[in-house]
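Residue numbering for the sequence shown follows my numbering, starting at 7 and increasing by one per position. We put the beta carbon where it would ideally sit given N, CA and C, even for glycine.
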Amino acid sequence: MAERTLPISSRWFQAAILTYLVGFCVLGLLAYLAYAQKPPIPGRVTGANRETLFTRADVMAGMNVFQRYGLMEYGTVYGHGAYLGPDFTAEYLHKTAEYLISRYQESPYASSSAVERVQAELHENTYDPVIDIVIWSDARAQAHHMMESYYRAVFASGVSRGGAQAAWITDSEQVRQLTSFFAWTAWTATANRPRRTESYTNNWPPEPLAGNFVTADAVTWSVVSIIGLLGGTGLVLFFFGRYDWLGWSDERRLVQFRPVEQVSLAPAQRAVVWFLVVASLLFLIQTLCGGLVAHYRAEPSNFFGFNISRILPYNIARTWHVQLAIFWVSASYLAAGIFMVPLIAGREPRGQARLALALLAALTAVVFGSMAGEYAGVRGWLGTQRWFWLGHQGWEYLDLGRLWQILLILGLSFWVLILARGLKRSLHGQHYGNMPWLLFYAALAIPAFYAVGLFTGPNTSFVINDFWRFWVVHLWVEDFLELFTTVVVAYMFVLLGVVRQTTAIRVIYLDIILYSIGGVIPLCWLCARALRYRNPSRSEAEAEIPARLFTEGWKRESIADFRQY
Ligand code: HEM
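Below is the structure:
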């Protein structure tokens, strides 16, 4: 039986556990605060004459319309989503501000300028929690009706608008609900939090007409994070250069390759080739969708003389582009795990190949089933009930219907079982911080952190849904997928004889600590901003694009276009 000792100092193991514990305690606290401090969805929003403009039920139904037609893969709210369509929060806000200014300019005896009056009005929080009502002025109520007419014209248009499908949402009631949802996001973007001078979203998106300016806090912390990023990278490079024992520069090993004919493969390793065939096919379809998505940016209404948006509108092509990236990467991870296990264990239990092929068949069914569901959902063929389970769930990166999502989680868990079955003897008697266990934990984290997406729901506030979406995107994609890669690559190097096991384990622990500090802790920061809801500093790439969007997104539609409705 192997000895239960760790070949390196156990302080590495303790430090890794500690960083995770601290990171997840903070994340847990933020989850609590997200629920406790989310912006309210008022029971009713009325005009000054108490005419109901929309209700909480309308906002939630509107969010569901936004989800089921895959609008987050066409445009954005709060800057989150795809970049061809407008940011609906910013668009609603901008057009409302323009309309109000033009109305107030008609009253020359007002004590303040029209712009100041609009800014003050939009920032005043008229929500009364006792009666659960927000009251707007008559002018703002009229602006809302204008916006309803505007979105009716946009979504019911029989002519394809630059990559969007023609006659996309023809049901007038659904567009009314959708506009209520956009109106609520715009309200949270400007109404000041109680006893604060900034809005629920920390004045995001910036909109000078509405008096939304980036706060000093946002600028300060953005600069601090960039300095932290550059300084942290410098420190890591310094320590790697200074201390040889952190990396593998002290290794002086000769790799000896065996001739191919002397290498024999276990049956499950042979089955892996089919995973790679499927992953390659998915990659091909993904990049073709990427090409189409890019083409839509250059020539929105025409694809070499053919209007392809009638068959494959932008939002479906982009959904597939993003989802297939996740699918082929996952398929390659599954393949890598299954291939590695017999190398580590030195043997393979009977039936592993059959289990691996069953897993591949199930994965393929989920991939193509979910893609077909997304297509049918966005086309409106799944009605108002089945869309959530079978169609497009509506969240970028978590687009697949709930049934497919659950099946994918089950498939990934089944993969962990296949790995555990193969690793059983290697795990037995090993220290819980040693390499076989690290591989097992890294594999287990993949289904576990994808499953967090199940906390989103059709009856849950957008803020909470986006909070959990952030968990999946940032913890899965920016932490645990990298962790699995690190462990697999480290294992390969040890098995090839390129590095010693102690070096490999130390590098894995160093990566775990760095990913925790660089992945989990910054996610706390992102989630904290999701709470405030939300300042523009995000990651560098994410920050630039919404900023561009908010400054340019509405240029296409001037107030003159708006007035015609
Ligand atoms: C021929 C290759 C590719 C082309 C032409 C392409 C094109 C594009 C375009 C134009 C967008 C922006 C969509 C928008 O306007 O919102 C995009 C987004 C994206 N692509 Fe690709 N892509 C390619 C390959 C890939 C690959 C290989 C991956 C990942 C493995 C990938 C992952 C993504 C992701 C995650 C987004 C969303 C980014 C975001 O939301 O900020 N793409 N792609």
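Within a Cβ cutoff of 8 Å, which residues of the same chain sit near residue 124, ignoring the five residues on either side of it in sequence? Taken in chain order, the residues that qualify are 103, 106, 107, 110, 215, 216, 217.
Indicate whether residue 507 and residue 459 have their beta-carbon atoms separated by less than 9 Å. Not in contact: residue 507 and residue 459 (Cβ atoms no closer than 9 Å).
Exposed or buried, what is residue 379 when buried is set at 16 or more other beta-carbons lying within 10 Å of its beta-carbon? Burial state of residue 379 is buried, judged by a 10 Å Cβ sphere holding 16 or more other Cβ atoms.
Mapping the DSSP letters down to three states, classify residue 307 as helix, strand or coil. In this structure, residue 307 counts as coil in the three-state DSSP scheme.
Work out the CA separation of residue 122 and residue 138 for me, nearest whole Å. The straight-line gap from Cα to Cα measures roughly 27 Å.
Beta-carbon proximity check, residue 522 vs residue 25, cutoff 9 Å: It is a contact, given that the beta carbons lie within the stated cut-off.
With three or more C-beta pairs closer than 8 Å as the rule, is the segment 147–155 touching the segment 178–187? Because the criterion of three Cβ pairs below 8 Å is met, the segment 178–187 and the segment 147–155 touch.
Quick check: the segment 86–104 against the segment 191–202, are there 3 or more CB pairs under 8 Å? In short, these stretches touch, since the Cβ pair count reaches three.
Answer yes or no: the CB of residue 289 versus the heavy atoms of the ligand HEM, is any distance below 8 Å? It does: the Cβ of residue 289 is within 8 Å (strictly closer) of some heavy atom of the ligand HEM.
Cα-Cα, which of 465, 395, 43 is closest to residue 199? Put simply, of 465, 395, 43 the residue whose alpha carbon is nearest the alpha carbon of residue 199 is 43.
Spatial distance of residue 128 from residue 329 (CA atoms): A direct Cα-to-Cα measurement between residue 128 and residue 329 gives close to 38 Å.
7 Å Cβ shell around residue 51 - same chain, five flanking residues per side excluded: When the five nearest sequence neighbours on each side are left out, the beta carbons in the same chain lying within less than 7 Å of the beta carbon of residue 51 are those of 59, 60, 140, 142, in order along the chain.
For a quick check, are the C-beta atoms of residue 362 and residue 424 less than 9 Å apart? For residue 362 and residue 424, yes; Cβs fall inside 9 Å.
Could you tell me which residues DSSP pairs with residue 238 in its beta bridges? DSSP output for residue 238 lists no bridge partner at all.
Helix, strand or coil for residue 424, going by three-state DSSP, please let me know. The answer is helix: DSSP assigns residue 424 an H, G or I state.
Beta carbon of residue 384, beta carbon of residue 167: below 9 Å? Contact flag unset, no.
Would you kindly report the start and end of the unbroken beta strand (DSSP E) that includes residue 140? Per DSSP, the continuous beta strand (DSSP E) segment holding residue 140 begins and ends at 139–141.
Considering only their Cβ atoms, is the gap separating residue 464 from residue 209 smaller than 9 Å? No.
Under 8 Å: does the beta carbon of residue 89 sit that close to some heavy atom of the ligand HEM? Result yes, Cβ under 8 Å from the ligand HEM.
Enclosing alpha helix (DSSP H) for residue 188 [first to last residue]: Annotation: the continuous alpha helix (DSSP H) that includes residue 188 extends over 178–196.
If we count the other Cβ atoms within 10 Å of its Cβ and call it buried at 16 or more, is residue 72 buried or exposed? Residue 72 comes out buried.
Residue 209 - DSSP class collapsed to helix/strand/coil: In this structure, residue 209 counts as coil in the three-state DSSP scheme.
Where residue 250 falls, given that 16 or more other Cβ within 10 Å makes a residue buried: It counts as exposed.
List the endpoints of the continuous alpha helix (DSSP H) containing residue 394. For residue 394, the enclosing alpha helix (DSSP H) covers residues 393–396.
In whole angstroms, what is the alpha-carbon distance linking residue 350 and residue 401? Rounded to whole angstroms, residue 350 to residue 401 spans 38 Å at the Cα level.
What residues in its chain sit with their C-beta under 7 Å from that of residue 432, if we drop five residues either side in the sequence? Contacts found: 350, 351, 442.
Are residue 88 and residue 80 closer than 9 Å when you measure CB to CB? Yes, the Cβ-Cβ distance between residue 88 and residue 80 is below 9 Å.
Roughly how far, in whole angstroms, is the beta-carbon of residue 170 from the beta-carbon of residue 315, given that I think they are within contact range, below 8 Å? Correct: roughly 7 Å between the Cβ atoms.
Taking 8 Å as the cut-off, does the segment 461–475 touch the segment 500–519 (at least 3 CB pairs, one atom from each stretch)? Proximity of the segment 500–519 to the segment 461–475 falls short of the contact definition, fewer than three beta-carbon pairs being nearer than 8 Å.
Count the other CB atoms within 10 Å of the CB of residue 262; is the residue buried (16 or more) or exposed (fewer)? With fewer than 16 Cβ atoms within 10 Å of its Cβ, residue 262 is classed as exposed.
Between the Cα of residue 191 and those of 334, 65, 444, spot the shortest distance and give me the residue it belongs to. The candidate whose alpha carbon is nearest that of residue 191 is 65.
Three-state secondary structure assigned by DSSP to residue 404: Strand, per DSSP.
Please classify residue 537: does DSSP put it in a helix, a strand, or coil? Any answer about residue 537 is weak, because its pLDDT of 45 lies below 50 and its placement is not dependable; what the coordinates show is given next. In this structure, DSSP gives residue 537 a helical state, which the three-state scheme calls helix.
For the pair the segment 443–462 and the segment 488–498, tell me if three or more CB-CB distances fall below 8 Å. Because the criterion of three Cβ pairs below 8 Å is met, the segment 443–462 and the segment 488–498 touch.
How big is the Cα-Cα spacing for residue 14 and residue 374? Distance between the alpha carbons of residue 14 and residue 374: 45 Å.
Any idea what DSSP makes of residue 50, helix, strand or coil? Per DSSP, reduced to three states, the secondary structure at residue 50 is strand.
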